[in-house]
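Numbering (our numbering), first residue to last: 100 to 235.
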Amino acid sequence: MNKMHSIRIHVKSFEKRLLEKAILTLQKMWSTAAQKSQTNGRLVFENAKLEYLPTTHQKYTVLRSPHIDKKSREQFQLTRFHSCFSARIYYAPSFFFHFLKFTSFFGVQIKMSVKNLSYYTMQTLEPSQRVQQSNS
Numbered sequence: 100m101n102k103m104h105s106i107r108i109h110v111k112s113f114e115k116r117l118l119e120k121a122i123l124t125l126q127k128m129w130s131t132a133a134q135k136s137q138t139n140g141r142l143v144f145e146n147a148k149l150e151y152l153p154t155t156h157q158k159y160t161v162l163r164s165p166h167i168d169k170k171s172r173e174q175f176q177l178t179r180f181h182s183c184f185s186a187r188i189y190y191a192p193s194f195f196f197h198f199l200k201f202t203s204f205f206g207v208q209i210k211m212s213v214k215n216l217s218y219y220t221m222q223t224l225e226p227s228q229r230v231q232q233s234n235s
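Printed below as a string of structure tokens:
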């Protein structure tokens, strides 16, 4: 039975162009890794899916002068752009991780989560049945 790993890469940035550049790099790495794995005669990588998540805005108001003129204020806004790159890999995902390890992304925060998907039966066993199965 093949082991399947589900990978989700969350990418965050304050600038849209840096986010797009990082996503383009991730997609190129994914397609390169998929081509390398297909040369061995087995399909290891499934198609990746890219989702753009909603942007978040934080607004700040700062007083210009600490003494008088409270009506004189400046307003600032932080905008964060988010996206999620998700895919599935059969066998070991170390080939794709090797690409990620030696790639630098500037101005972008990357958070990666890997889940190992496996098959299980929905049958529930009583504790006494579990002991009997483990002894046999």
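In this text, a Cβ means the ideal position worked out from N, Cα and C, and glycines have one as well.
As assigned by DSSP and simplified to three states, the class of residue i
i	result
Gln-119	It is Glu, not Gln, that sits at residue 119 in the sequence shown. Helix at Glu-119.
Ser-182	strand
Tyr-189	strand
Phe-194	helix
Thr-202	coil
Lys-135	helix
Lys-158	strand
Lys-127	helix
Arg-163	coil
Nearest residue (CA-CA) to residue i, options the options
i	options	result
Lys-214	Phe-201, Lys-148, Arg-187	Arg-187
Arg-116	Lys-102, Arg-107, Ser-182, Lys-170	Ser-182
Ala-132	Thr-178, Gln-157, Ser-193	Ser-193
Leu-118	Ser-212, Met-211, Lys-210, Gly-206	Gly-206
Leu-152	Ser-212, Val-110, Lys-210, Met-211	Val-110
His-156	Glu-114, Leu-123, His-166, Met-211	Glu-114
Exposure of residue i, with buried meaning 16 or more beta-carbon neighbours within 10 Å
i	result
Phe-180	buried
Thr-220	For Thr-220, the pLDDT reaches just 48, beneath the cut-off of 50, and the residue's location in the model is therefore unreliable, although a value from the coordinates is still provided. Looking at its Cβ environment, which holds fewer than 16 other Cβ atoms inside 10 Å, Thr-220 is exposed.
Ile-66	This structure does not reach residue 66, given that the chain is present from 100 up to 235, and the question cannot be answered.
Whether residue i touches residue j by CB criterion (9 Å)
i	j	result
Thr-160	Thr-178	no
Gln-176	Ser-112	no
Tyr-189	Lys-102	yes
Proximal residues to residue i (C-beta, below 8 Å), its chain only, five neighbours per side dropped
i	result
Lys-169	Leu-162
Lys-148	Phe-184, Ser-185, Ala-186
Met-128	Phe-195, Phe-198, Leu-199, Thr-202
Ser-237	Given that the chain is displayed from residue 100 to residue 235, the structure contains no residue 237 and the question cannot be resolved.
Sequence-distant residues of its chain with Cβ nearer than 6 Å to residue i (five each side left out)
i	result
Glu-150	Cys-183
Phe-204	Ala-121
Lys-158	Gln-176
Spatial neighbours of residue i in its chain, beta-carbon cut-off 7 Å, leaving aside the 5 residues before and after
i	result
Leu-125	Ile-108, Phe-184
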